[in-house]
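Right, one structure below, let's go through it.
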Amino acid sequence: MKRKITFILNGSEVSIETDPALRAVDVLRQDLGLTGTKEGCGEGECGACSVLVDDTVKLSCLMTAAQLEGKKIVTIEGIARRQELHPVQQSFIEYGAVQCGFCTPGMVIAAVGLLTANPAPTREEVRDAIGGNICRCTGYQKIVDAVEDAARKMREGHSGG
Amino acid sequence: MRKKSALDGPRLDALSKVTGSERYSADYYPEKFLWAGAKRAMIPHARLLAVHTDAAEALPGVFRVLTFRDVAGSNRVGIVRNHQPVLVDAIVRYAGDPVALVLAESKEILSAALDLITVDHEPLPCIFDAEEALKDGAPRVHEDNDGGNLMRAVSLCKGDPDAAFGACDAVAEGVFETSRQEHAYLETEAGWARVDDRGVLTIVASTQSPYRDRREIASALGVGEEKVRVIAPYLGGAFGGKDGITVQCLLGAAALCSGGRPVKMWWDRRESFLAGVKRLPSRMYFRLGAKRDGTFHALSCRLYFDAGAYAGLAGEIMTMAVEHAGSAYRIPNVRIEGYCAYTNNPVGGPFRGFGVPQVTAGMEQAVDTVAEKLSMDPLELRRHNALRQGDRNCLDIELTHSTGFLECIGELLEHPLWKDRQAWKASAPKWKRRGCGIGCMSHAMGYPAAVPDQATARLKLKKDGTFRLYSGVSDMGQGNSSTYARIAAAILDQDAAAIELLQPDTNHDLPSGSSSASRTTYTFGNAVIEAAVVLKETILRCAARSSGYDDIDAVELLPGRVRVKESGRFIPLSDIAGLIDDADRSQKGYFRAPHDDSTLAVLYLGAHVIFSYGAHLARIEVDILTGKIDVVDYVAVTDAGKVMNRCVYDQQVQGSIAQGIGFALMEDYLVREGRQETGDLATYIVPTSVDLPDMISIAVETEEKTGPYGMKGLGEVVISGCLPAIANAFHDACGVRITRSPLTRERVLSALGEREDER
Amino acid sequence: MGRVYLPATLETVFEILSREPSARLFAGGTDLLVRSSAVRRNEGSLVCLERVEGLSGISESDGAVRIGACTTHGELMAGGLITERFPILREAVRHIGAPAVRNMGTIGGNICTASPAGDSLPALYVLDAEVELHSAKGQRRMPLGRFISGPGLTALEPGEVLAAVWIDKDQGFNFHHFEKVGQRKAMAISVASMAFAAHLDGAGSVVRARCALGSVAPKVFTSQALDAFFAGKPLNEETLGAAAALVREGVSPISDVRASEEYRRTVAGNLLMRLEGARAAVR
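Chains as they are written, first to last, in the working numbering: chain E, 39 to 199; chain G, 7 to 765; chain C, -5 to 277.
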């Protein structure tokens, strides 16, 4: 019962033949080889599978493949532009926001989603924005530091995003 | 040992992780692979009579269904006791025991097939409490275990504790219970495997212990060790939970029956919780006595640890707890008894802290109780009794290495959050109570004396003039491998980018122990230093000779090249690489950590000699309407020797505090009659970003002379301070003690209610 | 595997449902796709409502606001109209999950799931919300309190779809309070929650009050006697202590892995105490 599904993935149109009842996370990882999107729970509790759907942060483990149709999807692989890191990625590196790194793609997506909607978040707003992204390594502090720094960088006109 | 500043800078693994390009064990989907998955028993104790696989095998898309009959080797794993079945052949001892293994064309078919497998079994009586398990007549988990359900008992005695309590002016007594904490690493257990044309079984897995795994896999599956290769890519978290076999043997068994096709296994969250090891729950009886001036005089502890169904490293964890039960204080009269018992609960295993968080929670609450009885400042009391270098600890072992405990306490005494605590407490808003608590701790680094704590590193000058470093110790996220590369770069005067880093692969033949015991940077880092020093000398000697000098001081190593001092001429490293024969371009370094064999008489594995220390302060606000505890401020002072890289250092501190606060306030893997009740991340509660405060990390930089750049272990020490600091803060806030953790909202309200009733 | 439909109109939804009565409807997927394992996704069809015309968005008419059933919690929070008219609803929705969950989960889904712990429900009860139901036969409206009859139980008939929620614009409240108790502060499932709205007079006495509690009964707990009890009284410790006792008598919580019956009962009453001094908070 495969079906053709067409959508914009990281800036390019893709058409795939797949089972529409599969989860979006499986299609991205297994069919399309984009393993940057992680799965940590499969129940929407950890945020590791976060992707941008029409610029909004959503959980790809709770989406069917069918729902990708016609959407603009950005995964972690599409966050950097033309070999240049997004300021969020740059700040994550500089501020030590990365440890095991398994939550990192989802965290970066959540942070990019936040800064798109709110370019000057307070520290509390940053914490709220990543409230659904479980990190077991960092205690979140350096992630919050990094997102604040990225917001600063973006306001000051660094490229990316 | 020059250029310490070269150790600074961001982690080298961060770039591939922020771009999503790093490939973890879970990220491999090899061509034409099969999904493998285990059928779990879901019953806590039973005699297995039959496994019915026909319906599953008949399902289209199912390649094969395996049972214990398909496992050619011992079908047993276990680090200390080799008794945990790969696939159950006789007795199910806990709900997570695997009874069958399915290979299928898709994840969906796998899932459907697992549902079609049924078992016939004869239920056996169960035991779920460690202390009860040791009583006469308790149902036995292992019929062949001498001593019923007692897996291991350890005791130590110093002085005359019985008489000494009589001479004390204040005695604190308490029974403390800690929860079964789940690691909840983001990357659940995962890997893939295949058997190649030469019959070599290669397993890529998320593991802390590739070399030990290889041995276990070979014996369990009946394959020669030389025919097993284990590769450990970066792990998506582990914290001790991947120190040993998880998917490895199941993957291997599947790959041996897959007709040469690769097999992939990736436990979902529920299976990870069901079958993964847990921090051992404890019940601890503490008695601490002191003289009127606050001098500790006697300590007695009886510790019960629940190992669950199999031994794993549970006995060693309990022994580590015994070693640390008296924390870092001078106590002349001590009796500590530890018991580790088998039950039909989930298997206990290593988890950051390795038994120390449990006993530290008990001891530090007893210390606060003594302070209260003597009307002493709890921090001053700790300072009064703190171990210093040259003192003897509770095991009567002299502390000859760096010992900065006193300095840690001193930092807190001077901290404004400590000094102004009374004013802060007094300004609590309506329905809130505020408290400030202390938790201090020590943590031994490395393996005890009987287990050689050693490592071998290999560093190679490549033909192109760059370097390759072979890591022998897994990087579970703590950043040790980045540190290895920076150490090599610092010694070789190279840019870190010139060091290619390979993650552990048993084909590299560098058995260096597990990524555990706060030893990864200390032990392997020292081996890297030796390899780098030898390689540097090799390069310089070659460069000197080829330039007509005998003395290697005639040349100096620079990034990418060598400079001949006299002529100022530069020789690219690629040229030099061409002049050195292949064998000499690759150099090994070896290190074995200090150990004291005389301590073998004290504990069965011997004791440790190097410790890290810490002192914590927590300020909490208790909501008396709901029982909610907010950790408002948190200060962690740590002596883990010299700081090599402040960012990586604070990563360990902050991450440990986060897990420690989770342990203190919410984390409790609940099992009722052997069945998991908190089987997912919606019911097993870990802290989110809004549950944690910004934390203050203060480093007391003693110099550990045996450590690379003066450092010592940091990965575990910090977590032990959190529960006692918070529990003591709660007592400070509300005047009542909750002795069973975590301090959930429900337990808080109930404690407040009982206090009201008493008034 | 089963089919997944992505219909654009309600008519198409009705056609699918008449053809496949067992097909299951979902919007955000934050409930159904969590509960449905890979195996169950194999069986039967799924109908995703996210693109059905007329089911999304917030609009206002003369006396009421209509919230499309597929409006996400995130959209509700961002909608100025909700913040302005029904701050208690915004406050309740803010406590749901975390941003990604709020970007997916919908108000209609929260209602149709009919969980005792549904975070938006107590606020919707306080606001006397009505549901708009459509089927091939036509449409009907009913109060939310009648629509939900128990845990997971609603008055939705076969072939019927929840299309929108209606709330009267003029609620006449000048004070509101919402509090949720979970096991942590984000991604928390409610252990007890309370939505309270009132019209207070100049002296701080209650003219009219509405109180609703979540997670302490098979459905949202409300009580006319409780609401009436507040009338004419100031929100002081004495009033609230007595109200708390009424609540503790009235609720019928369960024990589960998150909390015991006793804790829920105690806290349900305790939550009332937080209203003390509410006069200062009147806007």
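Here a beta-carbon is modelled for each residue, glycine too, at the ideal position from N, C-alpha and C.
From a predicted model like this one, the values you see are computed outputs, not experimental measurements.
What does Asn97 (chain C) touch in chain E if you count any residue whose Cβ is under 7 Å from its own? The answer, in chain order, is Thr94, Val95 and Lys96.
Tell me, which residues are paired with Thr462 (chain G) by DSSP? G:Tyr596
Take Ala173 (chain G) as the anchor and find which of G:Asp581, G:Gly300 and G:Gly26 has the nearest alpha-carbon. G:Gly300
Residue from G:Cys442, G:Lys233, G:Pro36 and G:Thr644 whose Cα sits closest to the Cα of Ser111 (chain G): A small correction: the amino acid at residue 111 (chain G) is Glu; Ser does not occupy that position in the sequence shown. Just measuring C-alpha positions, the residue of G:Cys442, G:Lys233, G:Pro36 and G:Thr644 sitting nearest Glu111 (chain G) is G:Pro36.
If you draw a straight line from the C-alpha of Phe80 (chain C) to the C-alpha of Leu121 (chain C), how long is it? 8 Å
For Val155 (chain C) and Thr148 (chain C), what's the separation of their Cα atoms in angstroms? Near 11 Å, if we compare the C-alpha coordinates of Thr148 (chain C) and Val155 (chain C).
Option in G:Ala296, G:Ala106, G:Tyr345 and G:Pro131 with minimal Cα separation from Ala317 (chain G): Minimum Cα distance to Ala317 (chain G) is reached at G:Tyr345.
Where Ala118 (chain G) sits in the DSSP three-state scheme: Secondary structure of Ala118 (chain G) (DSSP, three-state): helix.
What first and last residue would you give for the beta strand (DSSP E) that runs through Ala2 (chain C)? No beta strand (DSSP E) contains Ala2 (chain C), which DSSP labels as neither H nor E.
Close Cβ partners of Thr102 (chain E) (< 8 Å) along its chain, the five nearest in sequence each way excluded: Pro58, Ala59, Leu60, Arg61 and Ala62
Please name the residue, chosen from G:Pro50, G:Glu28 and G:Val108, that lies closest to Ala62 (chain G) on a Cα-to-Cα basis. G:Val108
What I want to know is whether the C-beta of Gly71 (chain E) ends up closer than 8 Å to one or more non-hydrogen atoms of the ligand HEM. With respect to the ligand HEM, the structure offers nothing, as it holds no ligand at all.
Output the boundary residues of the beta strand (DSSP E) element that contains Phe20 (chain C). Unbroken beta strand (DSSP E) run through Phe20 (chain C): Arg18 to Phe20.
Short Cβ contact (9 Å threshold) for Gly154 (chain G) with Ala139 (chain G): yes
9 Å is my cut-off, CB to CB: does Ala118 (chain E) come that close to chain G? yes
Counting contacts by CB-CB distance shorter than 9 Å, is Ser254 (chain C) in contact with chain G? yes
Spatial neighbours of Thr24 (chain C) within its chain, please: C-beta separation below 6 Å, excluding the five flanking residues on both sides. So the qualifying residues of the chain are Val95, Met98 and Gly99.
Tell me, to the nearest whole angstrom, how far the beta carbon of Gly180 (chain G) is from that of Leu116 (chain G); I am working on the premise that it is less than 8 Å. With 8 Å as the limit, Gly180 (chain G) and Leu116 (chain G) do not qualify as a contact, their Cβ atoms being about 49 Å apart.
Can you find a C-beta in chain G that's less than 9 Å from the C-beta of Thr73 (chain E)? Yes, because at least one Cβ of chain G sits closer than 9 Å to the Cβ of Thr73 (chain E).
Residue span of the alpha helix (DSSP H) that contains Thr489 (chain G), given as start and end: Asn486 to Leu498
Return the CA-CA distance between Leu387 (chain G) and Leu286 (chain G), expressed in angstroms with no decimal places. 30 Å
Contacts of Ala327 (chain G) in chain E (Cβ-Cβ under 8 Å): None at all; the shortest Cβ gap to chain E is about 23 Å.
Thr708 (chain G), DSSP secondary structure in three states: Collapsing the DSSP output to three states places Thr708 (chain G) in coil.
Whose Cβ in chain G lies nearer than 8 Å to the Cβ of Glu132 (chain E)? Pro16
Any beta-carbon of chain E closer than 9 Å to the one on Met181 (chain C)? yes
Element boundaries [beta strand (DSSP E), containing Val91 (chain E)]: Ser88 to Val91
Residues that Glu83 (chain E) contacts on chain C, provided the C-beta gap is smaller than 7 Å: Met181
Starting from the C-beta of Arg41 (chain E), find all residues in its chain whose C-beta is less than 8 Å away, skip the five residues before and the five after it, and write them out in chain order. Glu55, Thr56, Asp57, Pro58 and Ala104
Return no unless some Cβ of chain G is closer than 9 Å to the Cβ of Ala236 (chain C). no
Contacts of Thr24 (chain C) in chain E (Cβ-Cβ under 9 Å): Gly82, Leu97 and Leu100
Just curious, the beta strand (DSSP E) that Cys442 (chain G) is in, first and last residue? Lys438 to Ala450
What did DSSP end up calling Thr346 (chain G) once you bin it into helix, strand or coil? At residue 346 (chain G) the sequence reads Cys, which differs from the Thr that was named. Strand, per DSSP.
In chain order, what residues of the same chain have a beta carbon less than 6 Å from the beta carbon of Val87 (chain C), not counting five sequence neighbours either side? Around Val87 (chain C): His67, Leu70, Met71 and Ser114.
Within chain G, the residues that Asn264 (chain C) reaches when beta carbons sit closer than 7 Å: Leu631 and Thr632
Looking at the structure shown, is Thr102 (chain E) part of a helix, part of a strand, or coil, going by DSSP? Three-state DSSP puts Thr102 (chain E) in a strand.
State the Cα-Cα distance for the pair Leu606 (chain G) and Ile403 (chain G), rounded to the nearest angstrom. 11 Å
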